[in-house]
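Peer 1:
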Amino acid sequence: LAMSTKQWYQRRVRGEGWITFIEDCCKNRSAADIAAGGQSEATWMFRLGDRDSGAMWAASPGFPTIADGDAAKMSSASTGDDMSIFGAPPPPYSFMRAVDCDTCMVLTGKDKTIPGRMCYVSRTETAVMICLVDIANINKGAEGNALDAFSYGIGQVKENGV
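Residue 19 in this note's numbering sits at position 19 of the sequence shown, and the numbers go up by one each step.
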């Protein structure tokens, strides 16, 4: 079904609010870990779209272009429905696995062209959230911290109705 202009606008406005919400959740969770002697500083960017078509509703400033079809493929892979992404990922990403976190499944990957950039993908009842996080001093601990912060943020978004 095609979306009316009014429906598209409403999702776009709500989407921008959800981008800010999850960004704050992830930054706060990550900052708490760093303050407790944890890992590296990180810069977060998000893209929110339709979980089935991948059509973008909103994105953080500077978020690179991802085709809607690629976003839909990532969405399906995040729940284990479509594993073809592991053999043919959209450039410039490579994906390792879908991780079962407390509140969601998260597709984990890396940008092959930008050192320290992780890619996380998860979906809710209606949306797919793609996260790019640039980690200053990348290591397994920092990657784990970022994954924990992202899964926490997705849990908060789900609890609040997306």
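We put the CB at the ideal spot given by N, CA and C, even for glycine.
Note that this is a predicted model, so its numbers are computed, not measured.
#1: From the DSSP output, which residues share a beta bridge with Y93?
#2: Specify whether the region 39 to 58 and the region 129 to 146 touch according to this definition: at least 3 beta carbon pairs, one from each stretch, less than 8 Å apart.
#3: In whole angstroms, give me the CA-to-CA distance for A185 and S30.
#4: I'd like the list of long-range same chain contacts for Q156, defined as Cβ closer than 6 Å, with 5 residues on each side in sequence excluded.
#5: Apply the 10 Å Cβ neighbour rule to I19 and answer buried if 16 or more other Cβ atoms are within range, or exposed otherwise.
#6: Are the CB atoms of T124 and K158 nearer to each other than 7 Å?
#7: Mapping DSSP to helix, strand and coil, what is S122?
#8: Helix, strand or coil for K6, going by three-state DSSP, please let me know.
#9: So the candidates are G141, G161, L48 and G80; which of them puts its Cα closest to the Cα of G116?
#10: Kindly indicate which three-state DSSP category T43 falls into: helix, strand or coil?
#11: In whole angstroms, what is the alpha-carbon distance linking D53 and A67?
#12: According to DSSP, is I130 helix, strand or coil?
#13: Tell me which same chain residues have a C-beta within less than 8 Å of the C-beta of P90, skipping the five on either side of it?
#14: Hey, quick one: how far does the beta strand (DSSP E) through M74 stretch, first residue to last?
#15: CB S60 to CB V121, shorter than 7 Å?
#16: Based on DSSP bridge pairs, tell me the residues matched to A58.
#17: Under the assumption that P92 contacts T113 (Cβ atoms under 8 Å), give the Cβ distance between them as a whole number of angstroms.
Peer 2: Considering the structure as presented:
#1: D111
#2: Touching, per the Cβ criterion.
#3: Residue 185 lies beyond the range of the chain shown here (1 to 162); nothing can be said about it.
#4: C25
#5: buried
#6: yes
#7: strand
#8: The predicted model places K6 with a pLDDT of 48, which falls under 50 and marks its position as unreliable, so this point remains unresolved.
#9: G141
#10: strand
#11: One point to set straight first is that residue 53 is Ser, not Asp, in the sequence displayed. Straight-line Cα distance between these residues: approximately 10 Å.
#12: strand
#13: I66, A67, D70, K73 and M74
#14: For M74, no beta strand (DSSP E) encloses it; the enclosing alpha helix (DSSP H) starts and ends at D68 to S78.
#15: no
#16: Note: A58 sits in a beta bridge opposite L48.
#17: 4 Å
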